[in-house]
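Enquirer:
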Amino acid sequence: MSNLLSYISERTRVINQERAQFLGGDLLLNEDEYKVDKLITKLKVEELELSYKDSTQFLPKQHFFKSKNEIVNSKIFKILKKLPKGHSLHTHSLAAVSIDFIITNITYMDNIYGKYIDDIFKMKFMKPENAKNEGWISLKEMREKDKDFDKWLKTQLSLVVVNPEESYPSIESVWTKFKKTFNCVYDMLSYKPAFEVYYSQCLKELYDDNIMYGEFRGTAMPLYDLQGTIYQDEDFFKLMLNVEQKFKETHNDFYGARFIYSIYRGVSFEDLRKDLKEILELQQKFPKLIVGLDFIGFEEEGHSLLHFYPELIGVEKDLHFFFHAGETNWFGHTDMNLVDAVLLKSKRIGHGFALSRHPVVMDLLSKEDIAIELCPISNQVLLLNDDPRNHSVITLLAKGFPVVVCSDDPAVWDASGLSFDWYVTFMAMTPKNCGLKFLKQLALNSIKYSALNEDETKAMDIWTKLWNKFISDMLLHIE
Ligand SMILES: [Zn+2]
């Protein structure tokens with residue numbers, strides 16, 4: 001008997017130690033939070049129990065295109081939608097607004113035309129006479145001819161298909177289509193009045209998902225109007241600030257947005273030099289908006305961070321790095337970007353999917369307090385990992401590494417906000433009994449590791465107020 005007792009006490013010690021180490025494990029909850037934690041954990045376990053009996057029911061394992069409509073009915077998902085999630089730190093600006101909004105609002109604006117260019121359906125706003133001369137056809141006309149036009153348009157703007165496994169047999173094929181969706185919207189969204197509507201909706205979709213601040217990765221777009229004016233990069237950022245200002249007037253709790261300037265990783269040295277000079281000048285003019293630099297595109301293509309090293313030295317004084325790195329399944333190959341991201345003092349790492357293969361990099365990451373931007377749905381749709389229960393970042397969560405949950409390109413998989421990624425992370429990547437401590441830590445991390453300065457404490461005050469309200473609202477359900 002005494003043997004059993006000592007065995008159980010040793011076993012409990014191990015379990016408690018692991019529990020404390022897991023992300024958020026050492027947070028202390030107050031009495032009210034503890035009650036909410038009990039409810040959330042109960043609902044989580046109920047949902048998991050169904051899957052334990054029949055694993056095909058486990059929604060995060062199903063492809064997101066199939067599970068999305070069921071996820072929205074989950075009680076946990078509904079709570080996560082209401083939960084103040086803090087900040088959204090990794091979303092590409094051209095894939096941030098839900099496709100349905102774009103179709104119903106932007107593609108129904110006057111003077112929009114479409115045409116195939118190099119196998120890609122492009123849309124653009126033009127004067128009718130110019131459109132006719134250049135062989136563009138109005139979307140209005142296309143709609144009259146084809147009653148399913150909007151349905152078809154959705155397939156051009158997103159990756160969504162009935163059978164993703166058949167349509168995208170490889171990572172290369174999914175990335176080919178993925179890149180096309182950006183080409184498809186680029187000219188349309190560069191139309192100044194369209195971008196204004198689009199960006200305001202960007203902020204609204206965050207706000208509606210209880211996120212009060214966002215960081216967008218993108219490039220300054222050459223805005224144009226029907227009169228043929230092509231605007232300067234400065235005008236693009238001015239417009240962003242104006243839209244944000246206007247949005248905040250009617251959405252008091254919204255803190256704001258920042259921009260991480262992103263350069264295509266296939267860029268030549270010559271263009272990179274030019275781009276960096278321009279970005280640094282823009283950053284001087286918009287220091288509160290432009291907060292960092294990143295390289296984007298399929299990591300298996302283009303150049304490595306090591307390749308860019310000579311050009312990047314000294315830049316980080318003015319412009320922090322927020323590099324995508326290790327968004328790969330390869331080992332000793334593309335994942336080596338992780339070594340450079342950490343040595344170049346990237347403030348956060350986009351994806352870091354291959355990190356668990358690099359123990360020394362992991363140690364450095366911990367020492368430098370660099371956060372990992374986990375985007376589980378992106379990783380599934382873009383074929384890095386089909387079952388998030390096997391996601392490599394679980395190892396990092398288990399060791400309490402600073403992880404933030406992000407959405408990457410939600411529009412392209414017909415999602416919006418962060419709740420879907422929070423749901424997948426919570427249900428598939430945390431232990432059964434892990435509840436509110438983890439969720440609270442995710443929100444706190446998203447604030448701590450954002451690009452805001454330490455003196456911008458107002459963002460934390462806003463979140464705290466919303467968090468307390470969330471807890472008291474939840475208690476109403478319990479009592
Ligand atoms: Zn990304």
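Heads up: the sequence shown begins at 1 in the UniProt record's numbering, then just goes up one per residue.
Idealized CB from N, CA, C, for every residue including glycine.
Here the structure is a predicted model, which means the values were calculated and not measured.
1. Given a threshold of 16 other Cβ atoms within 10 Å of its Cβ, counted over all protein chains shown, does Trp136 qualify as buried or as exposed?
2. Which residue or residues does DSSP assign as beta-bridge partners of Ile260?
3. Which of the three DSSP states is assigned to Asp37 in this structure?
4. Are Lys85 and Trp422 close, meaning C-beta to C-beta below 8 Å?
5. Using only the heavy atoms of ligand 1, determine whether one of them is closer than 7 Å to the beta carbon of His324.
6. First and last residue of the beta strand (DSSP E) that includes His87?
7. Note down the Cα distance separating Tyr186 from Leu39, rounded to an integer number of angstroms.
8. Hey, would you say the C-beta of His92 is under 7 Å away from at least one heavy atom of ligand 1?
9. Measure how close the beta-carbons of Arg217 and Asp294 come, nearest whole angstrom, since I'm counting them as under 8 Å.
10. Looking at chain C, is there any beta carbon in it that lies within less than 8 Å of the beta carbon of Phe65?
11. Quick check on DSSP: helix, strand or coil for Ser472?
12. To which residues of the same chain is Ala371 closer than 6 Å at the C-beta, ignoring the five residues directly before and after it?
13. Measuring CA to CA, which of Phe182, Leu29, Ser2 is closest to Thr219?
14. Please determine whether the Cβ atom of Asp233 lies at a distance below 7 Å from any heavy atom of ligand 1.
15. Where does the unbroken beta strand (DSSP E) through His324 begin, and where does it stop?
16. Assuming Cys434 and Phe22 form a contact by the criterion Cβ under 8 Å, report the distance between their Cβ atoms to the nearest whole angstrom.
17. Determine the closest residue to Val361 out of Asp335, Phe254, Leu383, with distance taken between C-alpha atoms.
18. Between Leu157 and Lys192, which are expected to be in contact by the criterion C-beta below 8 Å, what is the C-beta distance as a whole number of angstroms?
19. Give the DSSP bridge partners of Ala371, in chain order.
20. Does Val97 come out as helix, strand or coil in the three-state DSSP assignment?
21. Could you say if the segment 298 to 307 and the segment 248 to 257 meet the contact criterion of at least three C-beta pairs nearer than 8 Å?
22. Rounded to whole angstroms, what's the CA-CA distance from Leu203 to Ser9? Just pull it up for me.
23. Terminal residues of the continuous alpha helix (DSSP H) containing Met188?
24. Quick one: residues in its chain with C-beta nearer than 7 Å to the C-beta of Asp318, no 5 flanking neighbours on either side, listed in chain order?
25. Confirm the yes/no value for this check: CB of Gly350, any heavy atom of ligand 1, distance under 7 Å.
26. Pull up the distance between the alpha-carbon of Pro431 and that of Phe77, whole angstroms please.
27. Please classify Val381: does DSSP put it in a helix, a strand, or coil?
28. If the criterion is Cβ atoms closer than 8 Å, does the pair Ile471 and Asp54 meet it?
29. CB of Asp408 to nearest heavy atom of ligand 1: below 7 Å?
30. Output the distance between the C-alpha atoms of Met188 and Asp473, rounded to the nearest integer angstrom.
31. Taking the beta carbon of Pro287 as the centre, do at least 16 other beta carbons fall within 10 Å, making it buried, or is it exposed?
32. How many angstroms separate the CA atom of Leu439 from the CA atom of Gln57?
33. Just reading off the alpha helix (DSSP H) that Val403 is part of, what are its end residues?
34. State buried or exposed for Thr425, treating a residue as buried only when at least 16 other CB atoms are found within 10 Å of its CB.
35. Determine the DSSP secondary structure at Asp408, reduced to helix, strand or coil.
Expert: According to the data block:
1. Counting from one through the sequence shown, the residue named residue 136 turns up at place 136. Under this definition Trp136 is a buried residue.
2. Start at 1 with the first residue of the sequence shown, and residue 260 comes out as number 260. According to DSSP, which records beta bridges pairwise, Ile260 is partnered with Arg217, Gly292.
3. Residue numbering aside, residue 37 sits at position 37 when the sequence shown is read from its first letter. Helix at Asp37.
4. Counted from its first residue, the sequence shown places residue 85 at position 85. Counted from its first residue, the sequence shown places residue 422 at position 422. It is a contact, given that the beta carbons lie within the stated cut-off.
5. Position 324 of the sequence shown, counted from the first residue, corresponds to residue 324. Yes, ligand 1 has a heavy atom inside 7 Å of this Cβ.
6. In the sequence shown, residue 87 corresponds to position 87, counting from 1. Looking at the DSSP string, the run of the beta strand (DSSP E) that includes His87 is 86 to 92.
7. Sequence index remark: in the sequence shown, residue 186 carries index 186 (1-based). Sequence index remark: in the sequence shown, residue 39 carries index 39 (1-based). Near 45 Å, if we compare the C-alpha coordinates of Leu39 and Tyr186.
8. Indexing the sequence shown from 1 puts residue 92 at position 92. Result yes, Cβ under 7 Å from ligand 1.
9. Within the sequence shown, numbered from 1, the residue matching residue 217 stands at position 217. Within the sequence shown, numbered from 1, the residue matching residue 294 stands at position 294. With a Cβ gap of about 6 Å, Arg217 and Asp294 count as contacting.
10. Of the protein chains in the structure, only one exists, and it is not chain C.
11. Taking the first residue of the sequence shown as position 1, residue 472 is located at position 472. If DSSP states are grouped into helix, strand and coil, Ser472 belongs with the helices.
12. Reading the sequence shown from its first residue, position 371 is the one you call residue 371. For Ala371, where only same-chain residues beyond five positions count, the Cβ hits under 6 Å are Arg348, Pro402, Val404, Tyr449.
13. Position 219 of the sequence shown, counted from the start, is the residue given in the question as residue 219. Cα-wise, what sits closest to Thr219 is Phe182.
14. To locate residue 233, count along the sequence shown from 1; it is residue 233. Outside the cutoff, so no.
15. Taking the sequence shown and counting its residues from 1, the one referred to as residue 324 is at position 324. Here the beta strand (DSSP E) through His324 covers 320 to 325.
16. Within the sequence shown, residue 434 is the residue found at index 434, counting from 1. Within the sequence shown, residue 22 is the residue found at index 22, counting from 1. Cys434 to Phe22, Cβ: 6 Å. Contact.
17. Against the sequence shown, residue 361 aligns to sequence position 361. Nearest option by C-alpha distance: Asp335.
18. Stepping through the sequence shown from its first residue, residue 157 is reached at position 157. Stepping through the sequence shown from its first residue, residue 192 is reached at position 192. With 8 Å as the limit, Leu157 and Lys192 do not qualify as a contact, their Cβ atoms being about 20 Å apart.
19. As a first step, residue 371 is located in the sequence shown; it is residue number 371 there, counting from the start. Beta-bridge pairing links Ala371 to Arg348.
20. Locating residue 97 in the sequence shown gives position 97, where the first residue counts as 1. Correct three-state label for Val97: coil.
21. no
22. As a position in the sequence shown, residue 203 is number 203, starting the count at 1. As a position in the sequence shown, residue 9 is number 9, starting the count at 1. Going by the C-alpha atoms only, they are around 51 Å apart.
23. On the sequence shown, position 188 is the one that residue 188 refers to. It spans 171 to 190 - the alpha helix (DSSP H) in which Met188 sits, taken as one unbroken run.
24. The sequence position of residue 318 within the sequence shown is 318, counting from 1. So the list reads Leu280, Gln283, once near-sequence residues are dropped.
25. To locate residue 350, count along the sequence shown from 1; it is residue 350. Indeed, a heavy atom of ligand 1 lies less than 7 Å from the Cβ.
26. Within the sequence shown, numbered from 1, the residue matching residue 431 stands at position 431. Within the sequence shown, numbered from 1, the residue matching residue 77 stands at position 77. The alpha-carbon atoms of Pro431 and Phe77 are separated by roughly 17 Å.
27. Residue numbering aside, residue 381 sits at position 381 when the sequence shown is read from its first letter. Three-state DSSP puts Val381 in a helix.
28. Within the sequence shown, the letter at position 471 stands for residue 471. Within the sequence shown, the letter at position 54 stands for residue 54. Cβ distance not < 8 Å, so Ile471 and Asp54 don't count as in contact.
29. Your numbering for residue 408 matches position 408 in the sequence shown. Flag set: Cβ of Asp408 near ligand 1.
30. Against the sequence shown, residue 188 aligns to sequence position 188. Against the sequence shown, residue 473 aligns to sequence position 473. Their Cα atoms are separated by approximately 41 Å.
31. Residue numbering aside, residue 287 sits at position 287 when the sequence shown is read from its first letter. Pro287 is exposed by the Cβ-count criterion.
32. If you number the sequence shown from 1, residue 439 lands on position 439. If you number the sequence shown from 1, residue 57 lands on position 57. Taking the straight line from one Cα to the other gives about 23 Å.
33. By 1-based counting over the sequence shown, the position of residue 403 is 403. No alpha helix (DSSP H) holds Val403; the beta strand (DSSP E) holding it covers 403 to 405.
34. By 1-based counting over the sequence shown, the position of residue 425 is 425. It is buried - the Cβ of Thr425 has at least 16 other Cβ atoms within 10 Å.
35. By one-based count along the sequence shown, residue 408 stands at place 408. Looking at Asp408 - three-state DSSP - the assignment turns out to be strand.
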